[in-house]
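J.: What follows is a structure written as structure tokens; I'll ask about it next.
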Amino acid sequence: MTKVTMKINGKEVSGEVEGRTLLATFLREDLHMTGTHIGCDTSQCGACVVHVNGKAVKSCTMFAAEAEGADVATIEGQANADGSLNVIQQAFQDHHGLQCGFCTPGMVMSAAALLKENPKPTESEVRAYLEGNICRCTGYHNIVKAIMAASGQDVSAIAAE
Amino acid sequence: MPKDSGIGASTKRREDVRFLTGNGKYTDDINIYGQTYVHFVRADVAHATINSIDTSTAESMPGVLKVFTGADFEAVGGLPCGWQVTDRHGEPMQEPKHPIIAHGKIRHVGEIVAAVVAESLTQARDAGEAIEMDLSELPAVIDMKNAVAGGTKVHDELSGNLCYDWGFVEENKGAVDEAIKNAAHVTTLELVNNRLVANPMEPRVAVGEYDQSDDMHTLHTTSQNPHVIRLLMGAFVLGIPEHKLRVVAPDVGGGFGTKIFHYAEEAFCTFAAKAVKRPVKWTSTRSEAFMSDAHGRDHVTKIELALDADNNFTAVRTETYANMGAYLSTFAPSVPTWLHGTLMAGNYKTPAIYVNVKAVFTNTVPVDAYRGAGRPEATFQLERVIDQAARELGVDPIALRRQNFVTEFPYATPVAVEYDTGDYEATMAKLEEIADVGGFAARRAESEKNGKLRGLGVNCYIEACGIAPSNLVGQLGARAGLYDAATVRVNATGSISVMVGAHSHGQGHETSFPQVISEMIGIPEDQIDIVHGDTSKIPFGMGTYGSRSLAVCGSAMVRAAEKVINKAKKIAAHLLEASDADIELKDGTFSVAGTDKSVAWGEVTLAAYVPHNYPLEDIEPGLEETAFYDPANFTYPAGAYACEVELDPETGKVTIESFSAADDFGNVINPMIVSGQVHGGIAQGVGQALLENCSYDEDGQLISASYMDYAMPRADDLPFYSVDHSCQTPCTHNPLGVKGCGEAGAIGSPPSVVNAVLDAINSGGKKVAHIDMPLTPHRVWSAMNNA
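Below you can see the structure in the form of structure tokens.
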């Protein structure tokens with residue numbers, strides 16, 4: 001067992017982990033932060049995306065021990081300080097960008113990373129960026145629309161509800 | 001002006017807040033004090049005799065509580081099948097035992113052979129690797145036509161690999177054969193409806209718990225229908241009385257049919273929790289999901305469409321081989337029969353139809369309902385053969401469909417169902433508008449200028465939803481009733497909890513169901529909560545599948561709310577010293593007709609629970625009513641879809657340029673949610689048409705068992721869709737006039753994609769009649785270059 005210490009959503013946490021413990025497992029099983037989801041075992045689905053030192057990372061692709069000393073942000077830390085939804089979360093609700101909600105934490109974290117890199121992405125840039133996040137419910141229409149709306153773009157011309 | 005609440009409003013979903021902040025409570029988020037973990041050792045060969053299993057090393061490894069094999073389940077029932085199909089000759093289908101853990105024989109890759117329960121998941125996995133098996137491998141039966149030809153049997157105790165040979169409607173056969181013989185033109189297609197995996201993003205999870213103090217079993221599971229699981233597992237597998245078994249399905253991360261069924265892992269965790277006297281948890285990996293979740297589709301079909309000299313459809317004849325896999329999953333036999341044959345009329349007035357289905361056992365994962373279930377297979381065959389007929393006859397495919405539409409309702413089809421209402425011309429006209437069919441020629445010319453081919457594909461669909469009248473499905477072989485139930489519990493201060501049998505796993509019931517109650521009573525939606533997913537809290541309901549939640553459970557909720565309102569009016573009449581018949585309820589206020597006397601909803605509900613001034617001699621205190629609703633007929637959503645593709649003739653790569661859907665769902669409660677359901681269905685249908693394929697090699701190895709190998713649709717595979725549900729012919733037999741919208745997208749989209757690609761290919765001068773899905777660049781390029 002190895003001791004790891006990291007900052008999660010601004011708060012320092014530590015724990016004892018096996019070398020093989022994934023960051024996603026550490027978050028869910030050791031810290032009971034179950035907002036980060038695990039939808040596959042080949043790093044394809046993106047339900048487990050978190051930010052490590054400001055970059056979007058699939059938390060099933062790194063060991064908890066590798067996050068020693070890192071600054072980690074998860075879905076649990078995304079809402080505004082008063083508990084209200086942040087701009088991206090609010091856009092997902094406004095535009096029906098989620099159904100079952102299982103891929104949603106990863107989608108929101110990927111969207112946040114995208115908008116940090118590219119504050120006004122085009123439709124095709126959003127779609128290309130989400131290549132590593134699978135959603136089975138929405139057909140992506142409202143996710144792409146929500147992310148474009150969160151970036152301040154007018155999406156009223158995009159079809160349907 | 002769009003409404004901002006009640007029926008017809010696009011109310012934002014209340015459940016979103018917990019999902020967006022990481023506060024959803026899915027089954028894998030549940031951890032119970034003292035919990036242990038199970039790792040299942042699964043077969044890595046498709047067919048073998050189990051000579052022996054040595055678990056001794058595993059049992060002595062750190063943290064291991066117990067290792068289970070098939071022998072531990074000898075006294076326990078098999079997984080039951082909920083539907084018995086009777087074959088063409090009046091004989092019942094062949095129904096093999098479906099064990100929890102393989103005993104004596106392995107019949108598909110992924111079948112559970114042993115289970116290790118340990119203190120931690122890693123300890124369970126480590127010990128699983130130390131289990132030694134002595135197997136004698138047998139030849140695998142994979143191809144369906146070979147399977148029925150004879151040779152190796154999947155189940156030694158059965159007469160062969162044919163589960164049933166079903167004819168529908170048997171009495172039509174002679175007339176159909178005659179019509180085809182006398183037809184002016186017959187178009188024939190042989191096609192495959194590719195095997196798919198539903199792939200909800202949340203893998204299945206089960207947590208079993210046993211409380212010795214009151215002999216109570218609890219199962220938390222990823223289910224679309226917790227009461228169905230309680231009934232099947234309690235009564236048929238483990239012999240646990242229903243009052244000693246609680247099944248909870250909390251937030252569930254998508255289902256698409258695959259979480260309807262009762263699975264071995266659920267029964268195992270419930271059984272093992274009592275055996276080891278500790279809670280037992282199983283969380284599926286995605287790899288396990290691919291080889292243990294029931295698969296979908298997998299039909300091989302020959303369809304013939306006969307037309308007279310005026311291009312009127314005169315007959316349809318089909319012969320289908322339907323893969324059951326190695327065992328019968330919960331509703332598997334009903335999918336290629338009653339959910340498929342009954343839809344072969346489509347939107348058309350074809351007078352003579354005969355459907356033959358041979359269901360076949362193979363050494364593959366069991367196949368059962370996946371979004372649409374039987375109806376996509378029916379739609380695909382019919383809408384492909386109509387398109388091919390139009391091409392052979394040189395007529396416009398939209399005009400050919402129009403000419404043959406059913407136009408008068410109710411319409412009794414030759415395949416035993418009666419469409420209550422519809423307007424197929426209206427949805428087709430709406431489709432032509434939103435897809436800008438008139439502008440296609442110019443868009444094609446533009447593509448051709450760039451060296452690309454462009455195609456437009458159109459199809460119609462009809463489905464039977466709101467399953468189903470219990471007395472009818474009972475005659476057809478269902479071993480359950482298919483009503484649903486709701487309890488409307490009004491609290492003293494006027495807020496309402498509605499306990500429903502339907503389960504929400506993405507459909508937004510927590511938002512849309514209160515819209516209905518709000519509309520009926522006139523109190524704000526946020527005063528109404530929906531409770532679902534826990535057999536200890538809700539009335540006995542049959543759950544969510546087949547686009548039935550609103551049509552069946554929603555109807556039960558309306559009936560229960562009507563009872564509540566009737567009782568509340570009596571209380572109001574007493575308070576207002578008026579006659580019941582004169583009381584009106586509007587905007588949350590009861591008033592006496594023609595007077596200014598009124599009393600608020602909350603005053604009446606308080607009186608019901610504090611009955612100081614109350615007609616106790618006439619009515620009981622309290623305000624809570626339950627209703628069970630058993631539908632009088634299926635509902636028949638229908639519509640018309642169009643897909644426009646661009647095809648690179650150099651590579652065979654297809655891109656979806658636009659996708660349009662005009663649906664008739666009857667009345668709509670929340671248009672935003674309905675559009676979202678259609679979007680998701682379209683993506684799954686496009687996935688089937690272009691990307692997804694569950695594939696076995698000839699030895700029965702599953703070669704598409706991860707997201708590296710099974711191509712899920714991603715954001716950059718799809719465009720924005722144009723969807724419309726303004727054509728509304730309300731259902732005539734349920735109180736809300738609703739039809740159901742959950743499956744339409746997946747049913748209606750695959751044929752238009754394939755029709756579009758073939759339109760593109762043929763526009764380039766190549767004569768290609770059909771390509772089997774998925775239309776990968778390799779398949780498209782090969783078809784073009786071999787034409």
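These protein sequence lines are chains A and B, in that order. All residue numbers for the first sequence refer to UniProt numbering, where the first residue is 1 and numbers rise by one. All residue numbers for the second sequence refer to UniProt numbering, where the first residue is 1 and numbers rise by one. No residue lacks a Cβ here, since even glycine has one placed at the ideal position from N, Cα and C. These numbers come from a predicted model, not from an experiment.
1. CB B/Val365 to CB B/Gly110, shorter than 8 Å?
2. Exposed or buried, which one is B/Val148 when buried takes at least 16 other CB atoms within 10 Å?
3. DSSP has B/Lys66 in a bridge; who is on the other side?
4. Taking CB distances under 8 Å as the criterion, tell me whether A/Ile134 reaches chain B.
5. Report the neighbours of A/Val17 on chain B: residues whose CB is nearer than 7 Å to its CB, in chain order.
6. Ignoring anything shorter than 3 residues or poking outside the segment 156–188 of chain B, list the beta strand (DSSP E) runs there in chain order.
7. Could you compute how far the alpha carbon of B/Val360 sits from the alpha carbon of B/Ala322?
8. Tell me the DSSP bridge mates of B/Phe590?
9. On the three-state DSSP scale, how would you describe B/Tyr696?
10. If you draw a straight line from the C-alpha of B/Arg125 to the C-alpha of B/Arg371, how long is it?
11. What whole-angstrom Cβ distance do B/Val668 and B/Val564 have, given they're in contact under 8 Å?
12. Cα-Cα, which of A/Asn53, A/Ser59, A/His51 is closest to A/Ser43?
13. Look at the alpha carbon of A/Leu27 and the alpha carbon of B/Gly680, and state the distance between them as a whole number of angstroms.
14. Give the straight-line distance between the Cα atoms of B/Ile771 and B/Trp781, rounded to the nearest whole angstrom.
15. In chain order, which beta strand (DSSP E) runs of at least 3 residues are fully inside the UniProt domain "2Fe-2S ferredoxin-type" (2–78) of chain A?
16. Give the range of the beta strand (DSSP E) segment to which A/Gly139 is assigned.
17. Which residues does DSSP pair with B/Lys105 in a beta bridge?
18. According to DSSP, is B/Leu219 part of a helix, a strand, or is it coil?
19. Counting only C-beta atoms, is A/Asn80 closer than 8 Å to chain B at any point?
20. Which word fits B/Gly239, buried or exposed, when buried means at least 16 other C-beta atoms lie within 10 angstroms of its C-beta?
21. Taking Cβ-Cβ distances below 8 Å as the criterion, which residues of the segment 81–102 of chain A are in contact with chain B?
22. So B/Thr427 is in the beta strand (DSSP E); what residue range does that whole segment cover?
23. As a quick exercise: from B/Asn194, B/Pro514, B/Tyr721, pick the residue whose alpha carbon is nearest that of B/Val300.
24. Quick one: list the residues of chain B neighbouring A/Glu125, beta-carbon separation under 9 Å, in chain order.
25. Round the Cβ separation of B/Leu162 and B/His47 to the nearest angstrom and send it over; I've been treating them as touching at under 8 Å.
26. From the DSSP output, read off the bridge partner residues of B/Tyr419.
27. Can you name, in chain order, every residue of its own chain whose Cβ lies under 7 Å from the Cβ of B/Ala468, other than the five neighbours on each side?
28. Kindly indicate which three-state DSSP category B/Lys274 falls into: helix, strand or coil?
29. Taking C-alpha atoms, which residue in B/Tyr609, B/Ala627, B/Arg278 lies nearest to B/Glu620?
30. Report yes or no: do three or more beta-carbon pairs, one from the segment 298–313 of chain B and one from the segment 184–201 of chain B, lie closer than 8 Å?
31. Can you tell me which of B/Tyr545, B/Gly543, B/Thr626, B/Glu525 puts its alpha carbon nearest to the alpha carbon of B/Lys567?
32. Against chain B, does A/Leu31 count as a neighbour if the rule is that its beta carbon must be under 8 Å from one of theirs?
33. Using a Cβ-Cβ distance cut-off of 8 Å, determine whether residue 222 of chain A contacts chain B.
34. Taking CB distances under 8 Å as the criterion, tell me whether B/Pro200 reaches chain A.
35. Starting from B/Val252, find everything on chain A with Cβ-Cβ shorter than 8 Å and list it in chain order.
36. Which same chain residues end up closer than 7 Å to B/Ala184 when comparing Cβ atoms and leaving out the 5 residues on each side of it in sequence?
T.: Let me lay it out:
1. yes
2. buried
3. B/Val117
4. yes
5. Within 7 Å Cβ-Cβ: nothing; A/Val17 doesn't reach chain B, min ~11 Å.
6. 162–168
7. 6 Å
8. B/Leu585, B/Val599
9. strand
10. 33 Å
11. At roughly 24 Å, the Cβ-Cβ gap does not stay under 8 Å, so B/Val668 and B/Val564 are not in contact.
12. A/Ser59
13. 30 Å
14. 10 Å
15. 2–8, 11–17, 49–52, 55–58, 71–73
16. First-last for A/Gly139: undefined, no H or E at that position.
17. B/Thr49
18. strand
19. no
20. exposed
21. Leu85, Gln89, Phe92, Gln93, Asp94, His96, Leu98, Gln99, Cys100, Gly101, Phe102
22. That residue, B/Thr427, is in no beta strand (DSSP E); its alpha helix (DSSP H) goes 424–434.
23. B/Asn194
24. What A/Glu125 touches in chain B: nothing, since even the nearest Cβ is about 10 Å away.
25. Not a contact, Cβ separation roughly 18 Å.
26. B/Tyr411
27. Leu482, Pro631, Phe634
28. helix
29. B/Tyr609
30. yes
31. B/Thr626
32. no
33. No statement about residue 222 of chain A is possible, as the shown extent of chain A runs from 1 to 161 and does not include it.
34. yes
35. Cys100
36. Leu307, Asp308, Ala309
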